[in-house]
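Undergrad: Sending over a structure as structure tokens; questions will come in a sec.
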Ligand code: SF4
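Residue numbers (my numbering): 1 to 130.
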């Protein structure tokens, strides 16, 4: 699994857990909601738990051991990025440190220009004609 895909899955899991609130959500419900396989999901949950965004509480559900996943206060402290901004290619680009430090010019980047041209929402919000 590429880092970009893992990052997207992490964000989607965090959204689901955040929405579940204090009562939490069973792991299996996360897999079903996001259509991800339990082995990959389990690995990501362990990573998120190690980072302090979630806690997993062991429970027995219908005779099987599983976990309820609950958000931590750290998860609620995370700044949410509006969905339109999540589509910016720079967030998933290995060159971001070079662009942000001025070694590359974002305006010469095909990925960035293509996103800018395709994003009607961004153009509208900054007042650029379509
Ligand atoms: S402008 Fe292009 S090269 Fe630079 S970080 Fe964004 S996508 Fe990557």
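We put the beta carbon where it would ideally sit given N, CA and C, even for glycine.
How many Å lie between residue 31 and residue 119 at the Cα?
TA: C-alpha separation (whole angstroms): 31 Å.
Undergrad: Which of helix, strand or coil does DSSP assign to residue 94?
TA: If DSSP states are grouped into helix, strand and coil, residue 94 belongs with coil.
Undergrad: Exposed or buried, residue 53, counting other C-beta atoms within 10 Å across all chains shown (16 or more means buried)?
TA: So residue 53 ends up on the buried side.
Undergrad: How do the segment 83-99 and the segment 46-66 stand: do at least 3 beta-carbon pairs fall below 8 Å, yes or no?
TA: Result no; under three Cβ-Cβ pairs closer than 8 Å.
Undergrad: Which residues does DSSP pair with residue 66 in a beta bridge?
TA: Note: residue 66 sits in a beta bridge opposite 59.
Undergrad: Going along the chain, which residues put their C-beta within less than 5 Å of some heavy atom in ligand 1?
TA: Here the list is 89, 90, 93, 95, 96, 99, 106, 109, 111 and 112.
Undergrad: Would you mind sorting residue 67 into buried or exposed? The rule is 16 or more other CB atoms within 10 Å of its CB.
TA: So residue 67 ends up on the buried side.
Undergrad: Less than 7 Å between the C-beta atoms of residue 24 and residue 74, yes or no?
TA: The answer is no: Cβ separation not under 7 Å.
Undergrad: Quick check on this structure: which residue in 76, 110, 44 and 103 has the alpha carbon closest to the alpha carbon of residue 157?
TA: As displayed, the chain neither begins before 1 nor continues past 130, which places residue 157 out of reach and without an answer.
Undergrad: Have a look at the DSSP bridge pairing and note the partners of residue 71.
TA: Looking at the DSSP assignment, residue 71 forms a beta bridge with 54.
Undergrad: Considering Cα atoms alone, identify which of 90, 96, 60 and 94 is closest to residue 114.
TA: For the residues 90, 96, 60 and 94, the minimum Cα distance to residue 114 belongs to 90.
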